[in-house]
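For what it's worth, our numbering labels the leading residue of the sequence shown as 155, then goes sequentially. The beta-carbon is built from N, C-alpha and C at its ideal position, and this holds for glycine as well. Computed from a predicted structure; not experimentally measured.
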Amino acid sequence: MSFFAAERPPYRITTDPAQLDIDTIWGWLRGSYWAAGVSRAIVERAVRNSLSFGIFDATSQVAFARVVTDRATFAYLADVFVDDKLRGLGLGTWLMQSIQIHPELQGLRRWMLGTRDAHRLYAKVGFRPLAHPEIFMEVHDPDVYKSGS
């Protein structure tokens with residue numbers, strides 16, 4: 155099986171699940187505003203069932219994003235994270251550009267994401283506010299991770 159890969163020395167991106175550091179990803183996500191308290195088991199299952207991207211330097215994982223998709227019509231971008239110490243180096247933009255050129259994510263009708271504070275990053279790669287928010291609905295349980303699920 156082949157996986158997507160890209161390099162921008164000293165960094166590299168891969169979609170190879172065997173290389174993703176679940177403990178690092180879990181550490182980032184459980185401290186995030188959108189997934190605070192998420193269990194390691196939930197993170198592991200989400201990563202396994204998504205098209206997941208990791209950025210690595212020579213020694214460790216430094217960024218992550220996953221795409222929930224049918225690989226035909228729709229993609230939802232989730233759990234994007236860049237290590238605090240490396241923000242401002244363009245890694246987030248490079249990650250988004252790499253996701254958008256992935257061969258299995260071409261020709262999709264709709265991409266979506268939710269963000270509280272990274273609108274500028276996503277605008278750089280084409281995301282815009284919903285053109286018709288009145289047609290979208292959601293079921294949202296912000297406390298689901300507190301229940302121990």
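Quiz item: Could you give the C-beta distance for F228 and I167, rounded to a whole number, given that I count them as a contact under 8 angstroms?
Solution: Here residue 228 refers to the residue found at position 74 of the sequence shown. Here residue 167 refers to the residue found at position 13 of the sequence shown. F228 to I167, Cβ: 22 angstroms. No contact.
Exercise. Report the rounded CA-to-CA distance for L205 versus F157, giving the unit in angstroms.
Key: For the purposes of this step, residue 205 is taken as the residue at position 51 of the sequence shown. For the purposes of this step, residue 157 is taken as the residue at position 3 of the sequence shown. L205 and F157: Cα-Cα distance of roughly 10 angstroms.
Quiz item: Quick one: what does DSSP say G246 is sitting in, helix, strand or coil?
Solution: Numbered from 1 along the sequence shown, position 92 holds the residue referred to as residue 246. Three-state DSSP puts G246 in a helix.
Self-check item: Alpha-carbon to alpha-carbon, P296 and E288
Solution: Locating residue 288 in the sequence shown gives position 134, where the first residue counts as 1. Locating residue 296 in the sequence shown gives position 142, where the first residue counts as 1. Taking the straight line joining both Cα atoms gives about 21 angstroms.
Quiz item: Per DSSP, L205 forms a beta bridge with which residues?
Solution: For the purposes of this step, residue 205 is identified with residue 51 of the sequence shown, where counting begins at 1. Under DSSP, L205 forms a beta bridge with V221.
Quiz item: Under the rule that 16 or more other beta-carbon atoms within 10 Å means buried, what is I255, buried or exposed?
Solution: Indexing the sequence shown from 1 puts residue 255 at position 101. Its Cβ having fewer than 16 others within 10 Å, I255 is exposed.
Practice problem: Go ahead and pull the three-state DSSP assignment for E152. | Solution: Because the chain is modelled from 155 through 303, residue 152 falls outside the range shown and cannot be assessed.
Quiz item: Can you tell which of L262, R199, S186 has its C-alpha closest to the C-alpha of T223?
Solution: Taking the sequence shown and counting its residues from 1, one reaches residue 223 at position 69. Among L262, R199, S186, the Cα nearest to that of T223 is on L262.
Quiz item: Hey, is the segment 275-282 in contact with the segment 185-204, meaning 3+ C-beta pairs nearer than 8 angstroms?
Solution: Flag = no, the segment 275-282 and the segment 185-204 do not touch.
Quiz item: With a CB to CB cut of under 8 angstroms and the five nearest residues on each side skipped, what residues in its chain are close to D175?
Solution: Start at 1 with the first residue of the sequence shown, and residue 175 comes out as number 21. Counting only Cβ-Cβ distances below 8 angstroms, and skipping sequence neighbours, we find G208, S214, Q215.
Quiz item: What is the residue span of the alpha helix (DSSP H) that D297 lies within?
Solution: Along the sequence shown, one-based indexing puts residue 297 at 143. D297 -> no alpha helix (DSSP H), and no H or E assigned at all.
Quiz prompt | Supposed contact pair F210 and Y165 - C-beta distance, whole angstroms, cut 8 angstroms | solution = In the sequence shown, the residue the question calls residue 165 occupies position 11. In the sequence shown, the residue the question calls residue 210 occupies position 56. With a Cβ gap of about 7 angstroms, Y165 and F210 count as contacting.
Exercise. Have a look at P283 and W265 and give me their C-alpha separation to the nearest angstrom.
Key: Taking the sequence shown and counting its residues from 1, one reaches residue 283 at position 129. Taking the sequence shown and counting its residues from 1, one reaches residue 265 at position 111. W265 has its alpha-carbon roughly 11 angstroms from the corresponding atom of P283.
Self-check item: Range of the contiguous beta strand (DSSP E) that encloses L259
Solution: Your numbering for residue 259 matches position 105 in the sequence shown. Here L259 belongs to no beta strand (DSSP E), and DSSP marks it neither H nor E.
Quiz item: Taking just the CA atoms, how far does L249 sit from R225?
Solution: What you label residue 225 is simply residue 71 of the sequence shown in a count that begins at 1. What you label residue 249 is simply residue 95 of the sequence shown in a count that begins at 1. Approximately 18 angstroms, taken between the alpha carbons.
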